[in-house]
Amino acid sequence: MAERLRVLAALLSARWRRFSSRQSLELYQQRRLRVVLERARRVFPYYRDGAGFELSDFPVLDKAAWLDRFGGLNDRGLSLDDCLAAARDAEARRTFDATLSGVGIGLSSGTSGQQGVFLTSAQERDRWAGVMLAKALPNLREAARVALVLRSGGALYEAVQSERISFRYVDLAQSPDAIAEQLVGFGPTVLAAPPQVLDDLAARSVRPRPRLIYSIADVLDDEVAARVGSAFGLPVGQIYQASEGFLGITCAHGTLHLNEDLVHVEREVLDAASGRFTPVITDLYRSTQAIIRYRLGDVVLPGPDGCACGSVLATVARIEGRADDVLRFRDATGTEQPLFADFVRGAVLGAPAVSDFRLVQRPDLGLRLAVRPARAQASGHLALQRLLQANGLDVPEISGMPWPVESPLDKRRRVRREA
Ligand SMILES: [Zn+2]
Numbered sequence: 423m424a425e426r427l428r429v430l431a432a433l434l435s436a437r438w439r440r441f442s443s444r445q446s447l448e449l450y451q452q453r454r455l456r457v458v459l460e461r462a463r464r465v466f467p468y469y470r471d472g473a474g475f476e477l478s479d480f481p482v483l484d485k486a487a488w489l490d491r492f493g494g495l496n497d498r499g500l501s502l503d504d505c506l507a508a509a510r511d512a513e514a515r516r517t518f519d520a521t522l523s524g525v526g527i528g529l530s531s532g533t534s535g536q537q538g539v540f541l542t543s544a545q546e547r548d549r550w551a552g553v554m555l556a557k558a559l560p561n562l563r564e565a566a567r568v569a570l571v572l573r574s575g576g577a578l579y580e581a582v583q584s585e586r587i588s589f590r591y592v593d594l595a596q597s598p599d600a601i602a603e604q605l606v607g608f609g610p611t612v613l614a615a616p617p618q619v620l621d622d623l624a625a626r627s628v629r630p631r632p633r634l635i636y637s638i639a640d641v642l643d644d645e646v647a648a649r650v651g652s653a654f655g656l657p658v659g660q661i662y663q664a665s666e667g668f669l670g671i672t673c674a675h676g677t678l679h680l681n682e683d684l685v686h687v688e689r690e691v692l693d694a695a696s697g698r699f700t701p702v703i704t705d706l707y708r709s710t711q712a713i714i715r716y717r718l719g720d721v722v723l724p725g726p727d728g729c730a731c732g733s734v735l736a737t738v739a740r741i742e743g744r745a746d747d748v749l750r751f752r753d754a755t756g757t758e759q760p761l762f763a764d765f766v767r768g769a770v771l772g773a774p775a776v777s778d779f780r781l782v783q784r785p786d787l788g789l790r791l792a793v794r795p796a797r798a799q800a801s802g803h804l805a806l807q808r809l810l811q812a813n814g815l816d817v818p819e820i821s822g823m824p825w826p827v828e829s830p831l832d833k834r835r836r837v838r839r840e841a
């Protein structure tokens, strides 16, 4: 009962916390930041010896640095090794019920380097669920059946169950047939799933009939969005959610907004012309683990200011994948220049006969390309060459490669740069 009240409270406060201006949002963020940063100096051993309570007094940490300091960045004194052991054990059993010192332990996907370990208390999970529902459901008075297809769910996603709202977690590790069958059986009104699952459902004759669809946990390509949208007869929204936090969601007007009411976002600008940036986030509510100036690995393309929905939360045109996967090429002067994966995706998927591709850049800047169907290989190759030439970049050696073996558990990475 207490749980349900907490969920409801989070739900309502998120719904009603409307900001009339950027200024009022920023004031609110500053108030929350003060609470979070003062507590961080008291509670987390890693921050104890530091000075100052301004955000800039805290170091920016990427995932590897943050994991290195794991024991000093949680309020239970848990070590990374103990948490990893407990989480892997639970994951092997696919029960996802690992707990130590009263907190749930979750693993993030390890697509780039180390697997992250995330700790959440029961209150944090309830809050997450409440806020997610408040933001994802257009009308809380209507009954809703929410299905969430994700890599590992467990404790984080099972907090909500009431007469009006039921929540079903579907394990992405199952076969596409099993996932489709469970979804059809459950009959969700709201479906949130990775784009590859939505794409698979779109191709089936028997599929669930939700009223709202969100793509979650992976880059949503325009092509996939269009295919899924036309199969379901609905626009496809996005939930920008990572183990590090609930970072954004599409509004009723189809615009992806950052959840700046939950997470403070600093921008490390990668490209001044487009404003593409890597988010450095500070969670305004998490308490078990410090998420303070945590650098996400994503490339985010900002959207225009303002939205017809009236929200002052910053807009995002597109999440483009990982910062590690920005390709590098030499220009006419021999200087290395970045080429964002989004351009590569657009060019190669737009080439005649290409339905899908994988591209890997080697450390020597050479490229390896696999195209589906295989007969479109030359077409993909040519599109890539033209893209580089149009951008004034040297075309390196481009060779073919076999289609890589991929697990359904991995995020799909069409464009990848080898370290
Ligand atoms: Zn909006």
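Whatever position you read off the sequence shown (first residue = 1), add 422 for the numbering used here. C-beta: ideal position from N, C-alpha, C; glycine also.
Neighbourhood of residue i by C-beta distance below 8 Å, restricted to the same chain and skipping five residues each side
i	result
E840	V782, Q783, R784, P785
A462	Y469, F480, A712, I714
D640	P616, P617, Q618, K833, R834
E491	The question names Glu, yet the displayed sequence has Arg at residue 491. Around R491: Y468, L483.
G814	D753, A754
Q807	V817, I820
F475	R456, L459, E460, R463
E645	L771
P560	L634, A674
L430	G552
Residue i beta carbon near ligand 1 (any heavy atom closer than 7 Å)
i	result
C673	yes
S733	yes
T382	The structure shown does not extend to residue 382, since the chain is modelled only from 423 through 841, so no value can be given for it.
C729	yes
H679	yes
Proximity winner among the options, relative to residue i (alpha-carbon distances)
i	options	result
R567	Y450, A754, L634	L634
Q445	L771, G768, D683	D683
F699	P657, G732, V748, V770	V748
I638	I661, G655, C729, P760	I661
A569	E513, G609, R708	G609
A509	L489, K485, L572, G538	G538
A653	Q663, S627, C673	S627
L837	R767, W825, A812	Per the sequence shown, the amino acid found at residue 837 is Val instead of Leu. Answer by Cα proximity: R767.
G697	I741, N561, V606	I741
A674	P726, I703, D705, A730	A730
R516	A694, S443, L594	L594
R590	I703, D599, L613	L613
V606	A773, P560, Q811, P630	P630
L692	F751, G667, P760, S523	P760
Same chain only: Cβ atoms within 7 Å of residue i, ignoring 5 sequence neighbours per side
i	result
T803	It should be noted that the sequence gives His, not Thr, for residue 803. Within the same chain, H803 has close Cβ partners L791, I820.
R649	D621, A624
W488	L495, Y716
G651	P657, V658
V465	D497
S443	V734
S523	R498, L500
D504	L522
Whole-angstrom C-beta distance between residue j and residue i, which should lie under 8 Å
i	j	result
H679	L735	4 Å
P701	L718	5 Å
V721	R744	7 Å
A436	K557	6 Å
E546	S709	7 Å
G756	T737	Actually they do not touch by this definition, with Cβ atoms about 37 Å apart.
L706	F765	Contact doesn't hold; Cβ gap of about 34 Å is too wide.
T677	L477	No, T677 and L477 are not in contact; Cβ-Cβ is about 27 Å, not under 8 Å.
Spatial neighbours of residue i in its chain, beta-carbon cut-off 6 Å, leaving aside the 5 residues before and after
i	result
A798	A775, V776
A432	R549, G552, V553
I842	Given a span of 423 to 841 for the chain in the structure shown, any question on residue 842 remains unanswerable.
R689	F699
F441	L447, V734
F540	G528, S665
A647	V658
Q451	H686
Closer than 7 Å: residue i CB and nearest ligand 3 heavy atom
i	result
V766	Summarising the ligand content, the structure contains ligand 1 and does not contain ligand 3.
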